[in-house]
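A short write-up of the structure that comes next.
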Amino acid sequence: MRHLSGELQFRCGERELEGEDTINLIIDGVQAKAEEGSTILEVAKSHGIDIPALCYHEDLTPYGVCRLCTVEVEERGKKRLVASCLYPVKEGIEVRTQTTEIVNGRKMLLELLLARCPNSKILQDLASKMGVEKVRFKIENDDCILCGLCVRMCKEQMKSVLIGFIGRGDSREVVTPFRESSEICRNCGVCRCICPARYLSVDDIVEEFS
Amino acid sequence: MDPIKSRDELEMLRSTIIEQREPDRPCITICSGTGCQACKCWKVTEALIAEIEKQDAKGKVDVRTTGCHGFCERAPIVVIYPNGIFYQKVRSEDAGEIVSETVLNDRIIDRLLYADPTTGQKIVLEREVPFYKKQKRVVFGSNGLIDPTKIEDYLVIGGYSALSKVLSEMNPEQVIDDIKQSGLRGRGGAGFPTGVKWESCRKAKGNTKYVICNADEGDPGAYMDRSLLEGNPHSVIEGMIIGAYAIGSSEGYVYVRHEYPMAVKNLTMALAQAREYGLLGKDILGSGHDFDIKISRGGGAFVCGESTALMASIEGRIGEPRAKYIHAVERGLWDRPTLLNNVETWANVPLIISNGADWFSSIGTKESKGTKIFSLVGKINNTGLVEVPMGITLREIIYDIGGGVPNNKRFKAVQTGGPSGGCIPEKLLDLPVDFERLSEVGSMMGSGGMIVMDEGTCMVDVARYFLNFLREESCGKCMPCREGIKRMLEIINKISSGQGKTEDLELLEELANFVKNFSLCGLGQSAANPVLSTIRYFRDEYAAHLNHKCPAGVCKELIEYSIDEDKCNGCGLCLKNCPQNAIVGEKKKAHVIVKEKCIKCGICRESCNFDAVSVS
């Protein structure tokens with residue numbers, strides 16, 4: 196058995212697996228093999244099954260908040276909906292990524308997000324791909340979907356923790372501490388790069404709060 | 002005092018304390034729970050102590066301030082032992098008479114007795130009062146017997162004997178077996194079998210394990226955990242030590258709201274006493290088992306009652322839930338195996354150990370064992386905390402114990418399980434109360450809130466109230482909960498203002514089901530319950546709102562107040578009380594409401610003694 200260590204373990208689905216640690220599961224009817232510790236989303240990706248996700252990035256800790264990657268897992272006869280970016284694969288589970296319930300749920304989710312951020316290209320593209328034809332909610336004019344990618348990026352990869360969430364419920368937002376421009380920010384711009392809604396940039400924050 | 006080193010020493014101490022007390026000496030207990038505090042019970046206590054001094058009764062009677070007795074409607078409550086004479090709505094002026102008549106001369110003061118509202122008959126003894134008669138107060142009953150600030154009181158009623166039994170003659174597996182056998186299920190909401198949880202936590206890998214007591218009670222109108230922690234903190238502590246022994250933990254936390262100052266105070270005091278007596282800390286009762294408890298105070302976010310958010314909060318992070326695909330019993334607080342139970346669950350543990358699993362499982366239904374404490378509030382005659390055996394019907398709780406709906410109004414619905422629970426209509430009043438039955442009808446046990454509503458309650462407005470609460474209290478982390486609740490509220494506001502259309506109701510239902518299935522944590526997954534259950538049982542009321550009518554006369558945009566000319570005698574009371582000066586009329590002539598000025602607050606209707614103000 197090949198020894199897989201550290202980061203590589205998470206990409207295990209890409210290679211031939213055998214031995215004790217191998218987990219067998221079924222995704223959309225396809226027999227899949229995975230290393231223990233990997234998530235459904237990772238295994239699906241490596242098997243060419245596309246699951247949409249907005250708050251997921253392979254180099255960051257999964258957060259599980261956009262819920263777009265929700266799939267159905269059947270384990271010992273019991274079905275439940277789980278976030279595939281977080282759910283660790285288990286022996287013998289059967290995963291379905293495209294049931295009517297899931298597809299309708301994803302559509303509703305996009306409708307809600309589009310109502311919040313009508314100008315986001317990524318949301319518009321996803322909506323058109325999934326056949327969301329109209330938005331039945333009052334249109335707002337926000338740009339941030341609060342996926343938290345920028346916050347995790349700044350913390351985990353840049354080791355900076357210069358932005359974070361404040362507020363509860365619908366008053367939640369991403370800000371710098373005390374809404375002030377930061378003296379330690381290196382203006383690396385990685386928060387802008389990773390933003391799926393292409394909303395947040397360091398310039399924006401500096402401009403807005405200085 | 003020196004720490005107690007063995008079971009025998011504990012029993013010796015117990016008998017010494019009991020010997021020092023004269024069981025026949027009268028004891029005046031004054032309920033000092035939150036409800037009675039609000040009615041200034043401390044003044045009664047002070048007056049009683051002063052009167053005893055004045056009337057030279059010192060040494061002939063004891064005075065004890067206890068935890069909540071439950072019958073908060075009749076606060077402040079005084080019960081005089083050994084007989085259990087029940088006085089209600091006692092004022093400090095009554096103190097002199099209580100001492101001179103009842104304590105010194107064994108005479109009953111008639112006007113302080115509780116009168117049965119149906120028969121008018123005066124009831125002398127606490128146990129005879131209908132409110133208490135149908136209850137089974139195994140957990141909550143001790144509240145009325147002990148002073149929560151004195152560990153000796155708890156020892157007198159057999160406290161810490163379950164712990165000493167566990168430490169001296171049981172191994173951890175036996176303890177877990179007992180809890181499993183008893184059929185105890187978590188009292189915090191989900192009803193997960195407690196023994197199974199303990200077993201998984203014991204089996205989880207890791208040397209450091211934590212025990213947590215969830216006292217972050219946040220449901221509007223619910224205060225049973227608060228009263229238990231305030232009134233009998235040692236029972237919770239004892240339960241936690243037993244749990245810690247069972248899973249092999251040496252560190253525990255009680256996560257309690259900062260808004261519960263008395264609970265924090267009494268618990269702090271109880272912890273200090275337990276440490277002094279050698280019941281907490283190193284080498285508990287000479288068994289070699291170490292365990293201590295810290296208090297972690299919450300800032301009041303509702304979502305922190307969710308176990309994973311609670312643990313994040315203890316760790317000092319933002320109180321936000323995470324997915325529970327890996328359970329807290331394996332990776333909880335600081336990623337270590339963690340055993341979290343609710344206050345009431347912990348308080349049940351010593352009882353199960355002392356009385357046996359069979360005793361516990363003999364109470365209740367097939368799937369739900371034991372008793373449950375409910376906080377019975379809303380449009381009900383006997384507001385208070387009730388402890389009933391599982392399987393009792395809603396009708397028994399509301400009518401036999403709660404005394405029914407006040408002012409001869411009709412019962413409409415009862416909301417169980419807090420903001421995430423559902424509304425149960427009148428036709429289901431004979432439903433036996435247990436975990437399964439409540440979820441079958443679209444509600445849940447929750448932590449035990451029970452809000453009774455009468456015909457004057459608009460169900461659309463109720464759903465709106467809870468959605469508004471949840472919109473503010475959702476942490477906002479996951480998108481279905483944050484966006485979904487906001488939009489549900491938007492739609493329901495539209496409906497209650499008379500602008501709703503049939504497709505809005507359909508969208509509301511679709512959205513509610515989506516939020517239920519797609520949200521991350523328990524809060525989001527149950528946030529749609531008030532909407533779904535009111536649509537399920539009161540669809541006609543939603544339909545009426547679509548037709549611009551609010552049958553209960555609550556939704557302001559859909560109602561109008563008017564004064565009946567024939568009934569109004571022109572007393573001027575409504576005119577005087579109207580905050581908008583919207584009522585005009587001469588004295589002794591019928592008054593009129595000026596529609597343009599009226600804000601539909603309803604004060605005129607409440608103040609009218611002749612039922613002349615009507616809503617349409």
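Chains as they are written, first to last, in the numbering used here: chain A, 196 to 405; chain B, 2 to 617. Positions of the beta carbon are idealized from the N, C-alpha and C atoms, including for glycine.
Residues near I536(B) in its chain [Cβ-Cβ closer than 7 Å; skip 5 each side]: Excluding residues within five positions, the ones whose Cβ falls inside 7 Å are E510, Y543.
Straight-line gap, Q226(A) to T292(A) (C-alpha atoms, nearest Å): 14 Å
In chain order, each beta strand (DSSP E) run of at least 3 residues that lies wholly inside the stretch 277-330 of chain A: 289-291
For P531(B) and A464(B), believed in contact at Cβ under 8 Å, the rounded distance: Yes, they are in contact, since the Cβ atoms of A464(B) and P531(B) sit about 5 Å apart, within 8 Å.
Per-residue DSSP class, three states only, for M2(B): coil
Residues that DSSP places opposite N219(A) in a beta bridge: Residue pairing by DSSP places N219(A) opposite K228(A) in a beta bridge.
Proximity to E52(B) [Cα-Cα], best of D25(B), I86(B), N342(B), D95(B): D95(B)
Cβ pair count under 8 Å reaching 3, the stretch 502-521 of chain B against the stretch 392-402 of chain B: no
R65(B), DSSP secondary structure in three states: DSSP, read as helix, strand or coil, puts R65(B) in strand.
Cβ shell of R367(A) (< 8 Å), same chain only, five flanking positions each side left out: L341, F360, I361
Chain-order list of residues whose beta-carbon lies under 7 Å from that of P481(B) (same chain, five-residue window excluded): F515, V516, F519, S520, G525
Neighbourhood of I317(A) by C-beta distance below 7 Å, restricted to the same chain and skipping five residues each side: Leaving aside the five residues that flank I317(A) on each side, the residues in its chain whose CB is nearer than 7 Å to its CB run, in chain order, P391, A392.
Straight-line Cα distance separating P322(B) from S308(B): One C-alpha to the other measures close to 8 Å.
Residue-chain proximity (V369(A), chain B), Cβ-Cβ < 8 Å: Interface annotation, V369(A): not in contact with chain B, CB-CB separation never under 8 Å.
Status (buried if at least 16 other CB within 10 Å, exposed otherwise) for P262(B): exposed
Exposed unless 16 or more other CB atoms sit within 10 angstroms - verdict on I19(B): exposed
Residue burial classification, N336(A) (beta-carbon count within 10 angstroms, cutoff 16): It is exposed - the Cβ of N336(A) has fewer than 16 other Cβ atoms within 10 Å.
Residue-chain proximity (C251(A), chain B), Cβ-Cβ < 8 Å: This sequence places Tyr at residue 251(A); Cys is not what is there. Chain B contact via Cβ: absent.
Residues in the stretch 319-341 of chain B having any Cβ partner in chain A nearer than 8 Å: Cβ contacts with chain A: I319, R323, A324, Y326, I327.
Delimiting residues of the beta strand (DSSP E) encompassing L341(B): 339-343
Extent of the continuous alpha helix (DSSP H) run through V297(B): The sequence given here has Ser at residue 297(B), not Val. It is not in any alpha helix (DSSP H) - S297(B) instead sits in the beta strand (DSSP E) that spans 293-299.
For S615(B), three-class secondary structure by DSSP: strand
Q1(B) to G403(B) span [Cα, whole Å]: Lying before the first or after the last residue shown, residue 1(B) is absent from chain B, which here runs from 2 to 617.
Residue range of the beta strand (DSSP E) that includes L386(B): 385-390
C-beta neighbour in chain A for F519(B), strict 8 Å: yes
F470(B) at chain A interface by Cβ criterion, 8 Å: no
Within chain A, the residues that A302(B) reaches when beta carbons sit closer than 8 Å: Those within 8 Å of A302(B) in chain A are R363.
G244(B) and V139(B) closer than 8 Å at C-beta: no
K517(B) - containing beta strand (DSSP E), residue span: K517(B) -> not in any beta strand (DSSP E); alpha helix (DSSP H) instead, spanning 503-519.
Cβ-based neighbour list, V290(A), same chain, cut-off 6 Å, excluding 5 preceding and 5 following: I222, I235, V266, V268
Closest residue to V257(B) among T30(B), L311(B), G240(B) (Cα-Cα distance): L311(B)
Opening and closing residue of the beta strand (DSSP E) in which D337(A) lies: Premise fails: D337(A) is in no beta strand (DSSP E) and is neither H nor E.
Cβ-Cβ distance between D455(B) and K380(B) below 8 Å: yes
E561(B) beta carbon less than 8 Å from that of K598(B): no
DSSP-derived helix/strand/coil call for I53(B): helix
Interface partners of R258(B) on chain A, CB under 8 Å: Correct list: empty, because the minimum Cβ distance to chain A is about 16 Å.
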